[in-house]
Amino acid sequence: MCQLFINADSRLWTCRTKSLRIDGVVTSIRLEEFFWDILEEVAFRDQMTVNQMITKLYLESLDADHDIGNFTSFLRVCCSRYLSLVADGNLTREDALPLNDIDATHLLEQEKLRTSVRKNLFNDTSLKPSLN
């Protein structure tokens, strides 16, 4: 198992800082290349630049009264959730359907259900390997 992660392209965990202007204020965001790659893919789907998408996420987060004290962490979670939705078959990477065109309410309900099922599966003690 570890070789799957250890032998991956080390560029993926190299950090890069990007400066951008959000609502008139210059800010810097530091993320691993892996996350920049995913943000580029998501932005491409909605025909935006990464800067445009990050700005949109930031402003929509403010409008939703989210605590965005750690916005970089929020971006990592967005990328991870996107990949999780792909892994669960709710989205595909091939069709590049804009995320704006997707029924978010339905997708969030499916995500919640699958997360619950997954948690129950991983918490089922009868399925856990013995450490003896």
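Counting along the sequence shown from 1, when you hit position 86 you're at 86 in the UniProt record's numbering, and nothing is skipped either side. Think of the CB as a built atom: it goes at the ideal place given N, C-alpha and C, for glycine as much as any other residue. Because the structure is a prediction, the values reported are computed rather than measured.
- Three or more pairs of CB atoms, one per stretch, sit closer than 8 Å, so the region 73-84 contacts the region 52-61.
- Every alpha helix (DSSP H) of 4 residues or more that sits fully in the region 19-105 is shown, in chain order, as 33-45, 50-63, 71-87.
- By the Cβ neighbour-count rule, W36 is buried, with 16 or more other Cβ atoms within 10 Å of its own.
- For the 8 Å CB-CB criterion, C15 and E32 form a contact.
- Under DSSP, T17 shares a beta bridge with R30.
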